[in-house]
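Asks:
There are 2 protein chains.
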Amino acid sequence: MTIAMIGTWRMAETGITPAMAQLRQGKSAGDALVTAIQAVEDDPFYQSVGFGGLPNAAGVVETDAAYMDGDTFQIGALAGARDIAHPIAVARALSQEPANNLLVGPGATEYASTHGFPLKNMLTEKAAKQWAAKRQELTAKDLNPYDGHDTVGMVALDAGGHMTVGTSTSGLFMKRTGRVGDSPLPGAGYYVDSTIGGAAATGMGEDLMKASLCYQTVQLMGNGLSASEALREAVYPFIARLAALGQHPREFSYVALSPSGDWGIATNVEFSFAVAQDDGKTQIYLATPNGDHPDIQPVTAAWLAKEDAGR
Amino acid sequence: MTIAMIGTWRMAETGITPAMAQLRQGKSAGDALVTAIQAVEDDPFYQSVGFGGLPNAAGVVETDAAYMDGDTFQIGALAGARDIAHPIAVARALSQEPANNLLVGPGATEYASTHGFPLKNMLTEKAAKQWAAKRQELTAKDLNPYDGHDTVGMVALDAGGHMTVGTSTSGLFMKRTGRVGDSPLPGAGYYVDSTIGGAAATGMGEDLMKASLCYQTVQLMGNGLSASEALREAVYPFIARLAALGQHPREFSYVALSPSGDWGIATNVEFSFAVAQDDGKTQIYLATPNGDHPDIQPVTAAWLAKEDAGR
Chain A
1 MTIAMIGTWR MAETGITPAM AQLRQGKSAG DALVTAIQAV EDDPFYQSVG FGGLPNAAGV
61 VETDAAYMDG DTFQIGALAG ARDIAHPIAV ARALSQEPAN NLLVGPGATE YASTHGFPLK
121 NMLTEKAAKQ WAAKRQELTA KDLNPYDGHD TVGMVALDAG GHMTVGTSTS GLFMKRTGRV
181 GDSPLPGAGY YVDSTIGGAA ATGMGEDLMK ASLCYQTVQL MGNGLSASEA LREAVYPFIA
241 RLAALGQHPR EFSYVALSPS GDWGIATNVE FSFAVAQDDG KTQIYLATPN GDHPDIQPVT
301 AAWLAKEDAG R
Chain B
1 MTIAMIGTWR MAETGITPAM AQLRQGKSAG DALVTAIQAV EDDPFYQSVG FGGLPNAAGV
61 VETDAAYMDG DTFQIGALAG ARDIAHPIAV ARALSQEPAN NLLVGPGATE YASTHGFPLK
121 NMLTEKAAKQ WAAKRQELTA KDLNPYDGHD TVGMVALDAG GHMTVGTSTS GLFMKRTGRV
181 GDSPLPGAGY YVDSTIGGAA ATGMGEDLMK ASLCYQTVQL MGNGLSASEA LREAVYPFIA
241 RLAALGQHPR EFSYVALSPS GDWGIATNVE FSFAVAQDDG KTQIYLATPN GDHPDIQPVT
301 AAWLAKEDAG R
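Note that the protein sequences, when read in sequence, are chains A and B.
Numbering (my numbering) for the first sequence: 1 to 311.
Numbering (my numbering) for the second sequence: 1 to 311.
#1: At a Cβ cut of 9 angstroms, what residues of the segment 97-118 of chain B count as close to chain A, listed as they run along the chain?
#2: Determine which residues of the segment 170-186 of chain A have a Cβ less than 8 angstroms from any Cβ of chain B, and write them out in chain order.
#3: List the residues of chain A whose Cβ lies closer than 7 angstroms to the Cβ of B/A188, in chain order.
#4: Scan the segment 16-83 of chain A and note each continuous alpha helix (DSSP H) run of 4 residues or more that stays entirely inside, going in chain order.
#5: Bridge partners of B/G203, per DSSP?
#6: With 16 other CB atoms within 10 Å as the buried threshold, where does A/L245 fall?
#7: Going by beta carbon distance, what residues of the same chain come within less than 7 angstroms of A/T8, once the five residues before and after it are set aside?
#8: If you draw a straight line from the alpha carbon of B/G50 to that of B/E125, how long is it in whole angstroms?
#9: Can you list, in chain order, the residues of its chain whose CB lies under 6 angstroms from that of A/K175, leaving out five sequence neighbours each side?
#10: How about the segment 20-30 of chain B and the segment 72-84 of chain B: do they share at least three Cβ pairs that are nearer than 8 angstroms?
#11: Just to confirm, is the Cβ distance from B/K210 to B/F173 under 9 angstroms?
#12: Can you name the residues of chain A whose CB is closer than 7 angstroms to the CB of B/I84?
#13: Please confirm whether A/M11 has its beta-carbon closer than 9 angstroms to some beta-carbon of chain B.
#14: Is it true that the CB of B/L208 sits closer than 9 angstroms to the CB of B/A188?
#15: List the whole-angstrom C-beta distance separating A/S168 from A/I37, where the pair is believed to meet the contact cut-off of C-beta under 8 angstroms.
#16: On the CB-based measure, 16 or more other CB atoms within 10 Å of its CB, does B/S258 come out buried or exposed?
#17: So, helix, strand or coil for B/A188, using DSSP?
#18: Between A/D71 and chain B, is the shortest Cβ-Cβ distance under 9 angstroms, so that the two count as touching?
#19: Please state the DSSP three-state secondary structure of A/P87.
#20: Residue ranges of each alpha helix (DSSP H) run of no fewer than 4 residues wholly in the segment 98-157 of chain A, ordered along the chain?
#21: Measuring straight from C-alpha to C-alpha, what distance separates B/M163 and B/D182?
#22: For a cutoff of 9 angstroms on Cβ pairs, would you count A/Y191 as touching chain D?
#23: Between A/A156 and the rest of its own chain, which residues show a CB-CB distance below 6 angstroms, the 5 nearest in sequence each way excluded?
#24: What residues in its chain sit with their C-beta under 6 angstroms from that of B/V104, if we drop five residues either side in the sequence?
#25: Would you please state the rounded distance, in angstroms, between the beta carbons of B/A66 and B/L119? I believe it to be under 8 angstroms.
#26: To be precise: take each residue of the segment 208-234 of chain B, compare its Cβ to all Cβ atoms of chain A, and keep it if any distance is under 8 angstroms. Which residues remain?
#27: Please list the terminal residues of the continuous alpha helix (DSSP H) segment that includes B/W303.
#28: I'd like the span of the beta strand (DSSP E) that includes B/Q96, first residue to last.
#29: Distance, Cα to Cα, B/P98 vs A/G171?
#30: State the beta-bridge partners of B/S272 as determined by DSSP.
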């Protein structure tokens with residue numbers, strides 16, 4: 001059996017590299033997924049996930065995360081959660097509860113606290129400064145405040161053919177208190193069935209939740225389509241439908257992986273992602289939208305240096 | 001053009017009857033849906049929706065609701081919300097925002113408060129007494145606390161062919177603080193496309209969220225299946241899949257409606273629902289599971305008298 005992982009954005013590589021080492025040692029897709037996403041959550045350089053994520057309009061970091069097991073369909077998720085150091089680890093624990101698997105707001109923090117998970121102030125000095133500057137700018141001009149909303153979403157496949165999917169994000173910069181996007185929402189933000197494959201989304205949650213495109217992608221893979229074909233058939237017609245309604249669809253990006261290691265992406269914006277298979281290294285790619293056939297190239301050293309500048 | 005509404009459980013009739021009068025007067029599917037669901041939210045006799053809903057483990061009523069427009073795919077939803085008199089009206093207002101369409105926890109109440117929606121203590125004396133009794137019983141024995149979880153979910157069709165869907169619930173009795181089920185989750189709890197039809201779910205949210213069956217039902221209707229056929233093809237195979245995994249699937253019930261007025265239901269438990277079409281009266285039906293072909297009969301006067309006893 002093959003092993004593989006795919007994840008959204010350049011940041012995914014930070015987590016996939018140590019997680020693939022675990023998969024090679026025979027660890028489960030559940031362990032690898034949590035290792036990978038937790039590494040991204042812990043890294044304050046990434047300002048849309050976990051520690052160092054950009055805060056909401058009130059200056060508070062609120063996180064959303066989800067975990068799904070493709071063998072059992074068990075789901076755990078949290079949304080609008082504060083002070084949880086590792087949202088993905090809490091989501092996985094929630095997936096193992098007999099009920100109360102999706103917790104929002106103070107109840108999510110209460111669960112994490114009473115179940116021994118580390119709590120942490122997720123606001124960094126850097127993020128607090130950006131919030132203060134943005135606030136001043138928004139007061140001075142009449143700007144659309146919603147910039148960053150890059151979710152890390154990953155699909156993992158272990159040597160036993162077990163698949164998992166997970167997402168984690170601090171959501172829209174300057175969002176309203178309690179605002180939630182697609183990341184904790186099954187079907188829209190993620191879906192996985194170990195017998196077929198998995199998919200995860202990133203982009204403007206308010207648009208991504210208008211259709212269950214991760215669920216549909218997995219269904220289409222179940223009908224025999226490759227990961228790329230399934231994403232193409234699910235994602236682009238819906239974006240076109242929104243455009244035809246005059247809705248100016250915002251960012252949509254997806255990754256998908258099958259149990260054979262076949263992978264694909266779909267996007268309507270420039271989109272980086274990371275893939276690792278078997279004993280190969282983690283490769284970061286850059287996709288450029290081109291109708292429904294994105295151009296995909298390995299990133300260059302120059303691109304990576306620019307992306308990682310200021311680290 | 002025809003007009004029609006369908007809604008989950010006997011309680012739906014309380015709202016559909018006044019809402020159908022509005023549809024007959026030419027009002028929109030949006031107005032009718034809010035009228036219908038708000039009538040159920042206002043009625044303290046129904047203990048799983050709105051005012052009089054049963055509280056969480058901490059003794060607090062927390063509500064979830066969603067509104068979706070089938071012409072535009074705009075969605076508004078709230079989850080784990082306290083003190084909001086009419087969750088469905090707030091969900092509709094959220095669907096009209098350019099972003100921040102799904103709000104959870106204190107942020108949802110803040111939005112309702114700052115946008116002039118009435119606030120209300122949703123706990124009735126009757127519900128508080130039931131909570132106290134249940135708490136005592138749970139302390140005395142080791143019982144599964146999760147009884148009531150009946151969401152009101154409705155689909156509306158107006159004379160212009162415009163369709164909407166909405167859900168509202170106080171969720172599981174004795175749920176954890178912040179617990180959310182499928183009701184505010186698009187695809188799992190509800191979906192509508194005015195060109196195809198709409199669907200809504202009720203049952204054990206933790207299981208219903210394991211697949212986007214409302215989304216899939218609408219897709220299947222788009223492939224030419226009737227509402228009944230689409231529900232049959234989407235719902236029962238997934239329940240069978242969970243059963244094959246040894247998961248003892250809990251309650252699944254769905255209603256669906258097409259723009260021609262064709263309707264259907266699927267359920268694995270005894271399930272009442274209400275339907276109204278054109279100028280006919282609202283009919284309450286009782287469905288009894290029978291494989292994937294539920295037996296559907298109009299309710300008897302005796303059944304209704306028993307259901308409404310104690311009002």
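Virtual Cβ for every residue (Gly too), placed ideally from N, Cα, C.
These numbers were taken from a predicted model, which means no experiment stands behind them.
Replies: On the basis of the supplied data:
#1: E97, P98, A99, N100, N101, L102, L103, V104, G105, P106, G107, A108, T109, E110 and Y111
#2: Listed in chain order, the positions of the segment 170-186 of chain A with a beta carbon within less than 8 angstroms of a beta carbon of chain B are L172, K175, R176, T177, G178, R179, V180, G181, L185 and P186.
#3: P186 and G187
#4: 29-42
#5: B/F252
#6: With fewer than 16 other Cβ atoms from the protein chains shown falling within 10 Å of its own Cβ, A/L245 counts as exposed.
#7: T151, V152, G153, A200, T202, S253, V255 and F273
#8: Looking at the backbone, the Cα of B/G50 and that of B/E125 are separated by about 14 angstroms.
#9: N56
#10: no
#11: The beta carbons of B/K210 and B/F173 sit no closer together than 9 angstroms.
#12: Per Cβ cutoff of 7 angstroms: no residues; B/I84 is ~12 angstroms from chain A at best.
#13: no
#14: yes
#15: 5 angstroms
#16: buried
#17: It is coil, neither helix nor strand.
#18: yes
#19: helix
#20: Counting only runs of 4 or more, we get 106-114 and 125-140.
#21: C-alpha of B/M163 to C-alpha of B/D182: approximately 20 angstroms in a straight line.
#22: Here chain D cannot be found, since the structure's protein chains are A and B.
#23: M5, A29, A32, L33 and T164
#24: Within the same chain, B/V104 has close Cβ partners A79 and G80.
#25: About 20 angstroms separates the two Cβ atoms, so there is no contact after all.
#26: The segment 208-234 of chain B vs chain A, Cβ under 8 angstroms: M209, K210, A211, S212, Y215, Q216 and Q219.
#27: For B/W303, the enclosing alpha helix (DSSP H) starts and ends at A301 to E307.
#28: Neither: B/Q96 is in no beta strand (DSSP E) and is coded neither H nor E.
#29: 16 angstroms
#30: B/L286
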